[in-house]
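Residue numbering for the sequence shown follows numbering that gives the first Met the number 0, beginning at 0 and increasing consecutively.
Scroll down for the structure; my scribbles are underneath it.
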Amino acid sequence: MLDKAVDDYNRVVSNACADAGMRKKGVVTDKDRWANTINKSPLPIRQQARAAKRARKRMLRKCDIGALANAQKKLRKVTDKSRKARREIGVKRLERLLKDDPRRFYKYYRKPPSPTLVSNGELSKHSEDLLGAEPPDLPVPPVVPGTVPPPENIEGLLQTPFSMEELSPVLKKIKNQAGMIGTLRPELLKASAEHLGPAIVELLNASVAIGKLPKVWALSAITPIAKPGSDNRTCDGYRGIAVGTLAAKLYGSMLDHRIDGWAEASGIRAKDDWDAELKAASEAPDDESDKFDFPNLAGEDLRSLMYADDLMQAATSIDGLRKQMALLEDFSARWGLTINASKTKVMVFSRLKCAEKEVKTVETAEHLFFHCPSYDDIRADFPCLDFTLTNLHEFSMQQPTQITRFGKKCFELHQELNPLSRR
Numbered sequence: 000m001l002d003k004a005v006d007d008y009n010r011v012v013s014n015a016c017a018d019a020g021m022r023k024k025g026v027v028t029d030k031d032r033w034a035n036t037i038n039k040s041p042l043p044i045r046q047q048a049r050a051a052k053r054a055r056k057r058m059l060r061k062c063d064i065g066a067l068a069n070a071q072k073k074l075r076k077v078t079d080k081s082r083k084a085r086r087e088i089g090v091k092r093l094e095r096l097l098k099d100d101p102r103r104f105y106k107y108y109r110k111p112p113s114p115t116l117v118s119n120g121e122l123s124k125h126s127e128d129l130l131g132a133e134p135p136d137l138p139v140p141p142v143v144p145g146t147v148p149p150p151e152n153i154e155g156l157l158q159t160p161f162s163m164e165e166l167s168p169v170l171k172k173i174k175n176q177a178g179m180i181g182t183l184r185p186e187l188l189k190a191s192a193e194h195l196g197p198a199i200v201e202l203l204n205a206s207v208a209i210g211k212l213p214k215v216w217a218l219s220a221i222t223p224i225a226k227p228g229s230d231n232r233t234c235d236g237y238r239g240i241a242v243g244t245l246a247a248k249l250y251g252s253m254l255d256h257r258i259d260g261w262a263e264a265s266g267i268r269a270k271d272d273w274d275a276e277l278k279a280a281s282e283a284p285d286d287e288s289d290k291f292d293f294p295n296l297a298g299e300d301l302r303s304l305m306y307a308d309d310l311m312q313a314a315t316s317i318d319g320l321r322k323q324m325a326l327l328e329d330f331s332a333r334w335g336l337t338i339n340a341s342k343t344k345v346m347v348f349s350r351l352k353c354a355e356k357e358v359k360t361v362e363t364a365e366h367l368f369f370h371c372p373s374y375d376d377i378r379a380d381f382p383c384l385d386f387t388l389t390n391l392h393e394f395s396m397q398q399p400t401q402i403t404r405f406g407k408k409c410f411e412l413h414q415e416l417n418p419l420s421r422r
């Protein structure tokens, strides 16, 4: 009796997972009559399906093409509705199984994690080297002549004590089901913010005065996720996804909110929150902007653009690009930043004679990529950068739709593109 009950239980679980689009490893979905009765659709939907099938047969015997097409369409709708109902039943059964026996559910129906080719010790040491190093004691760079000075000192702004007025909006943005470690959960703090909020604010202010967060708050669970197209045999081939405590999340979010406001008020980042410009180049006065050699698109200079940590610099000559790279090198050295050489690429464009013939950019780009002698000059001046040359002609032969769409997007943004020098 016990073995039969276990078999029946496994059969029910297997069919429930099959209805929900899942499959238990090593178990074939039961197709017998007993399984069909367990997973049958609700009675009204089954009656509609039978009626639709009978109507289709009648129209087929009468050879009424119009009525037959309508009957087939109605049958498809009823079949889809029946399939959806069966799936919902399976989902509910899986939810009950997850609630009654979560250990068994996750043991059989959770996707296995992808194998990690680097040991946990190496990943731990790599994370400590990245996150555990002390920040460099770098001086604040002076304001570039001709730029608008910040409304207040950023260092003083970051040292200002926190308040409940800053904590409340940051706490509202955190989802209740957000991944956190520790006993303090977002839903608990939101429900008791009036009582726990002031205490957390005072503890964070004390941490700022001391210079360290409590150890119980400074914990992070880091999960390595393999980067697409990277070497998974090295630590650099993984992206660490960190899950920390709620207190550390609030601390970082409040600092980020302050920096965002300061950056917008200082003109470092645009107010639309989707792009930014390198301050030293974008805010240079007119008499100094010529040395950067920006391309002019539709009467406006195309200055250096930045999205998150990705930077794009444009110039109409090799000398102009060299000056921008020198400026970027100086900026990075003063702030302790580095450039990822393996992700650095260069693209060379030429003048387009007609907007309706944007596909011809492929042939022009191919000529520049393989016949332009200026790459040796670039490599000599910037040996740290890895320039990747792409054969756009071969790409266009395989994916003409993508390259055409790319050309159209360029012409939608700007009507004319100034040429780069072919020196």
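Idealized CB from N, CA, C, for every residue including glycine.
Here cysteine 62 is exposed. Its C-beta has fewer than 16 other C-beta atoms within 10 Å. Among the bridge pairs identified by DSSP, serine 206 is matched with none.
Contact between the segment 205-212 and the segment 222-229 is absent: fewer than 3 CB-CB pairs across the two stretches fall below 8 Å. The straight-line gap separating the alpha-carbon atoms of alanine 340 and glycine 228 is approximately 16 Å.
Alanine 192 is not a Cβ neighbour of leucine 218, given a cutoff of 9 Å. In the structure shown, leucine 301 adopts coil according to DSSP, grouped into three states. Comparing alpha carbon positions, the residue from Leu327, Leu156, Ile317 closest to aspartate 309 is Leu327. Taking all protein chains shown into account, serine 162 has fewer than 16 neighbouring C-beta atoms within 10 Å of its C-beta and is therefore exposed.
When secondary structure is reduced to three states using DSSP, serine 316 falls in the coil class, being assigned neither helix nor strand.
Here isoleucine 199 is not near leucine 122, since their CB atoms are 9 Å or more apart.
Between isoleucine 173 and leucine 254, the C-beta spacing is not below 9 Å.
DSSP, reduced to helix, strand and coil, places isoleucine 199 within a helical segment of the structure shown. For valine 117, no beta strand (DSSP E) segment is defined, and its DSSP state is neither H nor E. Contact check for leucine 67 and arginine 55: beta-carbon distance about 7 Å, within the 8 Å limit, so the pair qualifies.
A straight-line Cα-Cα distance of about 37 Å links aspartate 329 and asparagine 119. Look at arginine 86 here: in three-state DSSP terms it is helix. Listed in chain order, the beta strand (DSSP E) elements of length 3 or more contained wholly in the segment 238-270 amount to none. With a 10 Å radius around the Cβ and a threshold of 16 neighbouring Cβ atoms, alanine 314 comes out buried. Ranking Asp292, Ser303, Met311 by CA distance to the CA of isoleucine 317 puts Asp292 first.
When DSSP reads this structure, alanine 220 sits in a beta bridge with Val242. Per DSSP, serine 229 lies in no alpha helix (DSSP H) and is assigned neither H nor E.
Taking 4 residues as the minimum length, the alpha helix (DSSP H) runs contained wholly in the segment 41-71 are 42-61, in order along the chain. Selection Asn231, Gln46, Val345, Thr159 evaluated against glutamate 201 yields Thr159 as nearest (Cα-Cα).
DSSP links asparagine 295 through a beta bridge to Asp300. Look at alanine 192 here: in three-state DSSP terms it is helix. Across the structure, alanine 262 and asparagine 231 are spaced so that their CA atoms are roughly 37 Å apart.
C-alpha of valine 242 to C-alpha of tryptophan 216: approximately 12 Å in a straight line. In terms of Cβ geometry, leucine 129 and glycine 239 form a close pair [threshold 9 Å]. In this structure, the beta-carbon distance from alanine 177 to proline 185 falls below 9 Å. For a cut-off of 8 Å, the C-beta gap from alanine 70 to methionine 58 is around 5 Å, short enough to register as a contact.
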